[in-house]
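So for the sequence shown, this note's numbering puts the first residue at 10; every next one is plus one. Cβ coordinates follow ideal geometry from the N, Cα and C atoms, glycine included.
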Amino acid sequence: MTHYTSNGSPSEGPTDFYSLLESEAAKLSAPAVTQQQRKRAPEVTDFQSLKRSVVEVQKPYQARTWTDFLIDFTTPFMILLMVAAPIFFILDVRYVYTELHDWNLRWFAFWFVLGVVALNRLIARDGKEESILYVIALLGVVIAYTTLTTQAYDVGAVAKGFQFTGWTALAFNTTVVMFIWWFTNRLTHECCVDDNPLAGDIGMLTSTAMKVRRAIRADRAPAPKKSKLPDGLMEIDAVDPLDWRKPERKAKLQLDAMTERLPKRHPGISIFYFSVPVMIAFALGQRVIQHGGLSMLLAGHFYIGCYTVAAMALLMLSSLAGLREYFRARRVHLPGGLGPFWVGLGFVMIAMVGFGATALPWPSLPPIAYVAEHEFDPWRRGSTFQLQSVVTPAVDVLEQNRFMERIGTAVLIILALFIAFAALRGVGTVAAHMARNRRYFPQFIVRFFNWVETLLDRVIRVPQLPRIQRRRRISRAVSRSAKVSNPMADTSRSTRSAIEGCYDALCALAYDYGVPRQPGQTPYEFIATFPKELNSIREEAYELTDLYVVSAYSTLQIDDRIRDRLRKFWMTFDKLRNRVIR
10 MTHYTSNGSP
20 SEGPTDFYSL
30 LESEAAKLSA
40 PAVTQQQRKR
50 APEVTDFQSL
60 KRSVVEVQKP
70 YQARTWTDFL
80 IDFTTPFMIL
90 LMVAAPIFFI
100 LDVRYVYTEL
110 HDWNLRWFAF
120 WFVLGVVALN
130 RLIARDGKEE
140 SILYVIALLG
150 VVIAYTTLTT
160 QAYDVGAVAK
170 GFQFTGWTAL
180 AFNTTVVMFI
190 WWFTNRLTHE
200 CCVDDNPLAG
210 DIGMLTSTAM
220 KVRRAIRADR
230 APAPKKSKLP
240 DGLMEIDAVD
250 PLDWRKPERK
260 AKLQLDAMTE
270 RLPKRHPGIS
280 IFYFSVPVMI
290 AFALGQRVIQ
300 HGGLSMLLAG
310 HFYIGCYTVA
320 AMALLMLSSL
330 AGLREYFRAR
340 RVHLPGGLGP
350 FWVGLGFVMI
360 AMVGFGATAL
370 PWPSLPPIAY
380 VAEHEFDPWR
390 RGSTFQLQSV
400 VTPAVDVLEQ
410 NRFMERIGTA
420 VLIILALFIA
430 FAALRGVGTV
440 AAHMARNRRY
450 FPQFIVRFFN
460 WVETLLDRVI
470 RVPQLPRIQR
480 RRRISRAVSR
490 SAKVSNPMAD
500 TSRSTRSAIE
510 GCYDALCALA
520 YDYGVPRQPG
530 QTPYEFIATF
540 PKELNSIREE
550 AYELTDLYVV
560 SAYSTLQIDD
570 RIRDRLRKFW
580 MTFDKLRNRV
590 IR
């Protein structure tokens, strides 16, 4: 029952101490209030609901645009054109000497280059793990064709000038095929597969020049000797054994696979390397293909034009690919119209260069080379090819034969270097694999491959060529050493004064060489930083420094016989000064 006060408001009840205790005990003895649990919503596990609940992760790269489609389609086609053009030109040169197996070789060359380019594009799309079966299949087909063509059909070496037979011809043909595969693979990797995030920062020629400059100027410091003593043996301070902690093991360097490493060279630089021998082959082959008449000569011009257009187009496309990767690495959207504009403007410039070159006066053809005989293909009847009659003196024929021998020797040397390079790369790959998985192999195998790796590092290292030091010449008007006279010419000067004068002359000569003595530098600190240009006077400078320290900082009596050593210094100093001052 609720009590009310006189003004009509509800009363709070009794507020005495006894009533308050009684009301609190009544609350504690009251039954507990039970909470009714609410029914949970049924858990949803269907795919669409889970998809809506997951926050959409933003893709790291932008969507493919017309620029990507242009690069992915045009670049492999230009690589195919660039590699196939010199191959077919060389096959034309071979046709002048022999028709044996000509059309078969042309058919194989086209599909072989196409297969290598397509295989690299497949690796770029699916990865090397998914494409290894295609690599093995193509390698097996190429080896089988090369072996059957060389041995079963008795074609011999593809080069007519080399008298290879049997296994030597097979080795020569296999090396040529592997060289074409290797270079096509390298060109495709640099222009299509490898993504270099730093490619857009600097130009191709500039980056190559900087790399060569760094290689020339690199100071090869001797590697510090590794101490075989255990940790803690050479500690000078006292160490409490209870506070000793096991040294932390350093993390091992993880070597990535060769195909996953960031390329050190700029994309597209192989185009310049490849163009040097190709242009030499085009220039020398013009003398031979004239035997085929106007049609073969025009075909040679067509191959040269195709190669030039493809090389310039690849340079343009590799720069666009570098710009694309530059934008991607920084999460910046590449404008969609940039790619078509870049490619269109590039081909317009290539067309201008091509038409401008054809408008210039054409040089005269070189004299026709002397070819002794032409070999017909017994499996192709009705061939009407005839060599043009060339009146060549015996001396010119002999000189031409010697020149062909030199070319053949150069080709053999290049192929031998390629085989050696391939062998070194193969051994290096095995050594890198052993380094990554050294815990699975016995210790003697690991030590052996560590020794092999050290040996390869010394063999492959490019030796530093001696550089011609420019002779330093100093004008007499600005030279300090030119104003110094012989202190021993004045007989009135004491020995201490003569020593001081010779030391001042040494400091003046060092100033002329650009390494002056610093104000707070002691004589011994100065002689420790003596320039290598003054090596011819180093011994006399050390003796003079000792004399100067004794003369300037001690009270010892200096004998006059010391002047003989001063004369020795001055004679060497005067010769060196006369070589420098003009």
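Asked: Counted within 10 angstroms of its Cβ, other Cβ atoms place L324 as buried (16 or more) or exposed; Found: buried
Asked: Buried versus exposed, by CB contacts within 10 Å (16 or more), V102; Found: buried
Asked: CA nearest to the CA of R134, picked from P375, S327, Q566 and D81; Found: D81
Asked: Segment contact, 8 Å Cβ cut-off, at least three pairs: the region 109-122 with the region 84-98; Found: yes
Asked: Check whether D493 and A514 have beta carbons under 7 Å apart; Found: According to the sequence as given, residue 493 is Val; it is not Asp. Yes, Cβ-Cβ distance for V493 and A514 is below 7 Å.
Asked: I359 to A322 span [Cα, whole Å]; Found: 8 Å
Asked: Residue(s) in a DSSP beta bridge with I590; Found: I483
Asked: Assigned secondary structure, T183 (DSSP; H/G/I helix, E/B strand, else coil); Found: helix
Asked: Status (buried if at least 16 other CB within 10 Å, exposed otherwise) for L575; Found: buried
Asked: Rounded separation between N182 and R337 - CA only; Found: 43 Å
Asked: Other residues of its chain near V92: CB distance less than 6 Å, five sequence neighbours each side excluded; Found: V122 and T193
Asked: Close Cβ partners of V455 (< 7 Å) along its chain, the five nearest in sequence each way excluded; Found: M443 and R447
Asked: Below-7 Å beta-carbon distance, H300 vs any chain B residue; Found: Given the protein chain composition of this structure (a single chain), no chain B is represented.
Asked: For T564, the three-state DSSP class (helix, strand or coil); Found: coil
Asked: Residues near R8 by beta carbon distance below 8 Å, same chain, minus five either side; Found: Since the first residue of the chain shown is 10 and the last is 591, residue 8 is not available in this structure.
Asked: Sequence-distant residues of the same chain with beta carbon closer than 8 Å to T74, five excluded per side; Found: L343, G345 and G348
Asked: Rounded distance between the beta-carbons of A378 and V297, thought under 8 Å; Found: 5 Å
Asked: CB contact flag (L89, V126, <7 Å); Found: yes
Asked: Strand pairing of T107, partner residues [DSSP]; Found: E384
Asked: Boundaries of the alpha helix (DSSP H) in which Y379 is found, first to last residue; Found: Element bounds for Y379: n/a, residue is neither H nor E.
Asked: Rounded straight-line distance, which links the Cα of A498 to that of K584; Found: 17 Å
Asked: Spatial neighbours of A6 in its chain, beta-carbon cut-off 6 Å, leaving aside the 5 residues before and after; Found: Residue 6 lies beyond the stretch modelled for the chain, which goes from 10 to 591, so this question has no answer here.
Asked: Contact under 7 Å by Cβ, L109 with V164; Found: yes
Asked: 6 Å Cβ shell around V524 - same chain, five flanking residues per side excluded; Found: P540
Asked: Exposure label - Q395; buried when at least 16 CB within 10 Å; Found: exposed
Asked: Distance between P286 and L157 (C-alpha atoms, nearest Å); Found: 29 Å
Asked: Simplified DSSP assignment, three categories, for E52; Found: coil
Asked: 8 Å CB neighbourhood of I571 in its chain, flanking five on each side removed; Found: T504, I508 and L556
Asked: Backbone secondary structure at P532 - three-state DSSP; Found: helix
Asked: Counted within 10 angstroms of its Cβ, other Cβ atoms place M87 as buried (16 or more) or exposed; Found: buried
Asked: Coil, strand or helix - P344 by DSSP; Found: coil
Asked: Sub-7 Å separation of E542 and Y522 beta-carbons; Found: yes
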